[in-house]
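Below is one structure, written out as structure tokens, with a few remarks after it.
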Amino acid sequence: MEGLLTVNNVWMMICTGLVFFMHLGFAFLEIGLTRQKNTVNILFKNVFIITVGLLLYCLLGFNLMYPGEFNGFIGFAGFGLDSPLVNGSLDLAYNEGYTYWTDFLFQGMFAATAATIVSGSVAERIKINSFFIFVVLYVGIVYPIAGSWKWGGGFLDEMGFYDFAGSTLVHSVGGWAALVAIWLLGARIGKFRDGKIWAFPGHSMPFATAGVLILWLGWFGFNGGSVLSADPELTSLTLVTTCLAAAAGGVGSFIVSSILYKNYDITMFLNGILGGLVGITAGADQMSPTDAVLIGAIAGAIVVFGVALIDRIRLDDPVGAVAVHLICGIWGTLAVGIFGNLAGFDQFITQLIGVACYAAICIVGSFIIFYLLKVTIGIRVSAKEETEGLDIYEHGMDAYPDFGLKQSS
Numbered sequence: 008m009e010g011l012l013t014v015n016n017v018w019m020m021i022c023t024g025l026v027f028f029m030h031l032g033f034a035f036l037e038i039g040l041t042r043q044k045n046t047v048n049i050l051f052k053n054v055f056i057i058t059v060g061l062l063l064y065c066l067l068g069f070n071l072m073y074p075g076e077f078n079g080f081i082g083f084a085g086f087g088l089d090s091p092l093v094n095g096s097l098d099l100a101y102n103e104g105y106t107y108w109t110d111f112l113f114q115g116m117f118a119a120t121a122a123t124i125v126s127g128s129v130a131e132r133i134k135i136n137s138f139f140i141f142v143v144l145y146v147g148i149v150y151p152i153a154g155s156w157k158w159g160g161g162f163l164d165e166m167g168f169y170d171f172a173g174s175t176l177v178h179s180v181g182g183w184a185a186l187v188a189i190w191l192l193g194a195r196i197g198k199f200r201d202g203k204i205w206a207f208p209g210h211s212m213p214f215a216t217a218g219v220l221i222l223w224l225g226w227f228g229f230n231g232g233s234v235l236s237a238d239p240e241l242t243s244l245t246l247v248t249t250c251l252a253a254a255a256g257g258v259g260s261f262i263v264s265s266i267l268y269k270n271y272d273i274t275m276f277l278n279g280i281l282g283g284l285v286g287i288t289a290g291a292d293q294m295s296p297t298d299a300v301l302i303g304a305i306a307g308a309i310v311v312f313g314v315a316l317i318d319r320i321r322l323d324d325p326v327g328a329v330a331v332h333l334i335c336g337i338w339g340t341l342a343v344g345i346f347g348n349l350a351g352f353d354q355f356i357t358q359l360i361g362v363a364c365y366a367a368i369c370i371v372g373s374f375i376i377f378y379l380l381k382v383t384i385g386i387r388v389s390a391k392e393e394t395e396g397l398d399i400y401e402h403g404m405d406a407y408p409d410f411g412l413k414q415s416s
């Protein structure tokens, strides 16, 4: 028994490391798809998210998300981490798949991801101190309460809502906040002018590509670790469906965007891969390989149309996070009721109710935070700061001082 626990726990720790590695992927993707003059600012925000996010999850987030016995809506087991020791030794009866410490660290890596999604959407024009306050409140309070509704054994879990690894609980939770943020923040200067939509090309496609491939690798831990053990059948199936959905998402996005826009857009290809990954995450352990390919391909097409929709309604999302994480997260959650072992009308309705519940808490929570910030200390930098770049004004440094690359306006 102890030998099996050791194997399970080691696998969970490896997966924890892979999810941690995803934060490098998010950072690379964000800086690659945005302009050079804001690179340090984006890197700083991403480092802040993982460091402060982990401390917040230790202080109160973990016990808000997993409060034990509670009313199904909100509970709190106290500040800090409990001692997992029994008679001076680690309590190995905590779970068959992992120890208490591993559970905290694995879930803590997830917690910061929601804020990272928002970081990309508000890039290049948000005040960094305002963003810091948002991260503290959203990661520290909103995310764990929302997570408790399903993963903490709350009312949605009792209802039968299913989200294996977070299409809704992580990605849509971040995506809803991103949507609210870009609505309140407004578009970057020059994005919508003269009745046209103007593209601001990212400064490094190599960074963006590396970021997506790192994220794909990290998803081995994101979904593979969500099995919560090293069960050979479930982990191998989960990794197969995850990878097939990613591949299908990329190809689906590539085909649809090529037909619509008559060019081979690497950013669409990359975001299609991410859309496929987000889409499969809710039901990765319940799908057949064929199901995974269909879910991923549809997610890839959704990314193309989703990016166009966001532009059409005059919202500015520099990295396409709303299309990838929110819209594909909703799709993946609903797909559990359409494909795989749980497919059925009742399950679909339950999934729909879950999506609506998370929309409610995330829209209300993020709106309150951002609106109060907007009317007090402000959330947007000045036009001069935005035009000349946040690296100089917020950080007093240049990401590439020795290269002298031309700054884009």
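Under the numbering used here, the first residue of the sequence shown is numbered 8, with each subsequent residue one higher.
Every residue, glycine too, gets a C-beta built ideally from N, C-alpha and C.
Three-state secondary structure (DSSP) at residue i?
i      : result
Ile133 : strand
Phe199 : strand
Arg319 : helix
Ile204 : strand
Ala367 : helix
Ala350 : coil
Ile384 : coil
Val54  : helix
Thr41  : coil
Val331 : helix
Ile345 : coil
Val326 : coil
Ser415 : Low confidence applies here, because Ser415 scores a pLDDT of 48, under 50, leaving its location unreliable; read the following figure in that light. Coil.
Is residue i buried or exposed, if buried means 16 or more other CB atoms sit within 10 Å of its CB?
i      : result
Pro213 : exposed
Pro208 : exposed
Gly85  : exposed
Phe117 : buried
Pro239 : exposed
Leu380 : buried
Leu412 : With a pLDDT of 49 at Leu412, under the threshold of 50, the predicted position of this residue should be treated as unreliable, and no value is reported.
Pro325 : buried
Lys203 : exposed
Lys134 : buried
Glu393 : buried
Asp353 : exposed
Thr175 : buried
Leu390 : Looking at the sequence shown, residue 390 is not Leu but Ala. So Ala390 ends up on the exposed side.
Ala363 : exposed
Asp201 : exposed
Tyr11  : According to the sequence displayed, residue 11 carries Leu and not Tyr. It counts as exposed.
Val54  : exposed
Thr106 : buried
Lys269 : exposed
Between the Cα of residue i and those of the options, spot the shortest distance and give me the residue it belongs to.
i      : options                           : result
Val258 : Ile334, Cys22, Ala304 and Ala206  : Ala304
Trp223 : Gly283, Leu88 and Ile334          : Gly283
Ala254 : Thr297, Val14 and Ala366          : Thr297
Ile38  : Gly75, Cys65, Leu71 and Gly127    : Gly127
Trp158 : Arg319, Val234 and Ile337         : Val234
Tyr400 : Ile302, Arg321, Arg132 and Thr383 : Arg132
Ile221 : Leu244, Ala291, Leu11 and Val26   : Val26
Gly68  : Ile345, Gln114, Trp190 and Asn270 : Gln114
Leu61  : Asn136, Gly290, Ala122 and His178 : Ala122
Met166 : Ile375, Val382 and Leu359         : Leu359
Leu186 : Cys250, Arg195, Ile124 and Val59  : Ile124
Tyr378 : Tyr271, Val314 and Ser137         : Ser137
Ala470 : Ala119, Leu267, Asp292 and Gly79  : Any question about residue 470 goes unanswered here, given that the chain covers just 8 to 416.
Cutting at 6 Å between CB atoms, please list the residues of its own chain near residue i, excluding the five before and the five after it.
i      : result
Gly361 : Leu163 and Phe168
Phe261 : Phe276
Pro408 : none
Ile148 : none
CB-CB under 8 Å to residue i, same chain, minus the five flanking residues each way: which ones, in chain order?
i      : result
Trp183 : Leu333, Tyr365, Ala366, Cys369, Ile370 and Ser373
Thr109 : Asn16, Met19, Met20 and Thr23
Trp205 : Gly197, Lys198 and Phe199
Val143 : Val59 and Leu63
Verify the contact flag: residue i, CB atom, against every heavy atom of the ligand GDP, threshold strictly below 7 Å.
i      : result
Leu163 : In terms of ligand content, the structure shown is empty, and the ligand GDP therefore cannot be addressed.
Spatial neighbours of residue i within its chain, please: C-beta separation below 7 Å, excluding the five flanking residues on both sides.
i      : result
Val47  : Asp398, His402, Met404 and Ala406
Pro74  : Gly82, Phe83, Ala84, Ser155 and Gly159
Gly104 : Asn15, Met19, Leu235 and Ser236
Val247 : Pro296
Leu66  : Phe86 and Gly87
Leu192 : Val129, Arg132, Ile133, Ile386 and Arg387
Alpha helix (DSSP H) runs contained entirely in the stretch 58 to 134, provided each spans 4 or more residues: 69 to 72 and 107 to 128
Segments of 4+ residues assigned as alpha helix (DSSP H) that fall wholly inside the stretch 386 to 413: 390 to 395
Secondary structure, alpha helix (DSSP H): runs of 4+ residues fully inside the stretch 229 to 310: 239 to 268 and 273 to 288
In chain order, each beta strand (DSSP E) run of at least 3 residues that lies wholly inside the stretch 150 to 224: none
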